[in-house]
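Residues in the sequence shown are numbered from 1 upward in steps of one, following the UniProt record's numbering. Cβ coordinates follow ideal geometry from the N, Cα and C atoms, glycine included. Everything numeric in this text was worked out from a predicted model, so none of it was measured.
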Amino acid sequence: MFAELQMLTPLVPTRQVYFARYCKRFGAQQWVIVDVSVDKVEENMDASLLKCRKRPSGCIIQESSNGHCKVIWVEHLECQKSAIHALYRTLIGSSLAFGARHWMATLQLQCERLVFFMATNVPTKDSTVSSIWLSVSPNLLFDFLRDEARRHETIKSKENNTMWMLQDSRTNAFESMVVFAPVDITGMQSVTAGYDSSNIATLPSGFSILPDRLESRPSLITSRHKKSIDVEGGSLLTIAFQILTNNSRLPN
């Protein structure tokens, strides 16, 4: 097999590895995958790339309950010496760059993608019910969507010094809502001063969050601040947007 290992920076050389892979099943619930480089294959590699060899590396996969599994990963790379930029020396020296921790994070991300692809409760075509299932607890999703410091992660907009964002959020044991609308600063200042608010037109948008009630399945995405496994289940998220176009007129 052949692998090309890259980091998203030109300051770290690309690594090429040729290796053989052996897979074996032990019992009904355990698999082992072992990688090791093959001798004399590296002679055909591009001389401009950093040569690396895989010493015995791989992972042990142990099936567990609720469709989950436990993975133990060992990565042992031997690379020729090369100058590493000072900015990346600490990162390269850790397992986050090309080591086991990096591949575990990549594996977890791929598993989360597969969950969405295999989910039967996600619409497979465009629909006027703009809802989706997410493998994240309702409380965690609610906190994320109402956090004004993270608004740029859900809404992309240009800086506008004449508008404010008015937001209201509510939650209870059954559902949560986050509603927001851009409003004119001058108009809002007049309202806060006690003037009539009926002349201020708004186009509210927002999110509705409901629990999926699949409490027997832990969520894949959990809060980093919690040491225990999140067993609140997933969320049913509905999104509604109102956008004013150039030819649209706000109601009086």
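Item	Value
Leu11 - DSSP class collapsed to helix/strand/coil	coil
Nearest-angstrom beta carbon gap, Ile33 and Cys59 [assumed within contact, 8 Å]	5 Å
Nearest neighbour of Thr162, chosen from Thr186, Leu141 and Val178 [CA to CA]	Thr186
Nearest-angstrom Cα separation, counted from Val178 out to Leu145	7 Å
CB-CB length for Val12 against Ile92, believed under 8 Å	7 Å
Closest residue to Trp73 among Phe98, Ala173 and Tyr18 (Cα-Cα distance)	Phe98
Gly206 - DSSP class collapsed to helix/strand/coil	strand
Whole-angstrom C-beta distance between Leu237 and Ser169, which should lie under 8 Å	About 14 Å separates the two Cβ atoms, so there is no contact after all.
Span of the alpha helix (DSSP H) around Ala100	Ala100 to Met118
Run of the beta strand (DSSP E) containing Val191, from where it starts to where it stops	Segment Ile185 to Thr192 is the alpha helix (DSSP H) holding Val191; no beta strand (DSSP E) there.
For His85, the nearest candidate out of Thr9, Cys23, Phe142 and Met188 (CA to CA)	Thr9
Pro211 in three-state terms, based on DSSP	strand
Arg15 versus Arg55: straight-line alpha-carbon distance, rounded	15 Å
Residue 264 in three-state terms, based on DSSP	Any answer about residue 264 is impossible in this case: the structure gives the chain only from 1 up to 252.
Cβ-based neighbour list, Leu5, same chain, cut-off 6 Å, excluding 5 preceding and 5 following	Arg15 and Phe98
For Ile200, three-class secondary structure by DSSP	coil
Chain-order list of residues whose beta-carbon lies under 8 Å from that of Phe180 (same chain, five-residue window excluded)	Met165, Leu166, Gln167, Asp168, Pro204, Ser205 and Gly206
Collapsed DSSP secondary structure at Gly58 in the structure displayed	strand
Counted within 10 angstroms of its Cβ, other Cβ atoms place Leu134 as buried (16 or more) or exposed	buried
Residue environment, Ile209, which counts as buried when at least 16 other CB atoms sit within 10 Å	buried
Separation of Asp147 from Ser197, as counted between CA atoms	26 Å
Inter-residue spacing [alpha-carbon to alpha-carbon] between Gln108 and Ile61	13 Å
Assigned exposure category for Arg89 - 16 Cβ within 10 Å defines buried	exposed
Per DSSP, cross-strand counterpart(s) of Thr171	Ser176
Alpha-carbon spacing of Leu141 relative to Ser65, whole angstroms	25 Å
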